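The structure under discussion appears below in the form of structure tokens.
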Amino acid sequence: MTCSDVKQKIDSITYTQNRYFHSGALNICEAILSSKNFSKKVQTDIRNIYLELKTLSEPWGYWEKRNSPDSYMFNRIVDCLDSIYELM
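Numbering (UniProt numbering), first residue to last: 1 to 88.
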């Protein structure tokens, strides 16, 4: 995985109607952490973001039927993805 791959994946999942937004963000972090293409500093920062994402939940909820996402959770996940984007 390269920096441009990460940016493309972030761009592809960052929209409000994505019901798997949180799990997509976690998958991106896991892919970066398992890749050998990034420096130790970047991997440490990504690990911190990953741990923060683990404390959050899916903005759409897992079992409830919602018409709109939880904006607080959505914004926190977007902040994490923005941090990853900046690191790339």
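Heads up, the beta-carbon is just placed ideally off N, CA and C, and yes, glycines get one too. None of the values given here were measured: they were computed from a predicted structure.
How many whole angstroms separate the CB atoms of residue i and residue j, which I take to be in contact at a CB cut-off of 8 Å?
{"i": "isoleucine 77", "j": "isoleucine 10", "result": "The pair is not a contact, with the Cβ atoms about 11 Å apart (cut-off 8 Å)."}
{"i": "leucine 33", "j": "tyrosine 50", "result": "7 Å"}
{"i": "alanine 25", "j": "cysteine 80", "result": "6 Å"}
Do residue j and residue i come within 7 Å of each other at the CB atom, strictly closer than that value?
{"i": "asparagine 27", "j": "threonine 2", "result": "no"}
{"i": "valine 6", "j": "methionine 88", "result": "yes"}
{"i": "leucine 29", "j": "isoleucine 46", "result": "Residue identity check: residue 29 is cysteine in the sequence provided, not leucine. Yes. Within cutoff."}
{"i": "glutamate 52", "j": "histidine 22", "result": "no"}
Grouping DSSP H, G and I as helix and E and B as strand, with all else coil, what is residue i?
{"i": "leucine 26", "result": "helix"}
{"i": "asparagine 18", "result": "coil"}
{"i": "glutamate 86", "result": "helix"}
{"i": "leucine 56", "result": "coil"}
{"i": "lysine 36", "result": "coil"}
{"i": "aspartate 70", "result": "coil"}
Grab the span of the alpha helix (DSSP H) containing residue i for me, first residue to last.
{"i": "lysine 9", "result": "3 to 13"}
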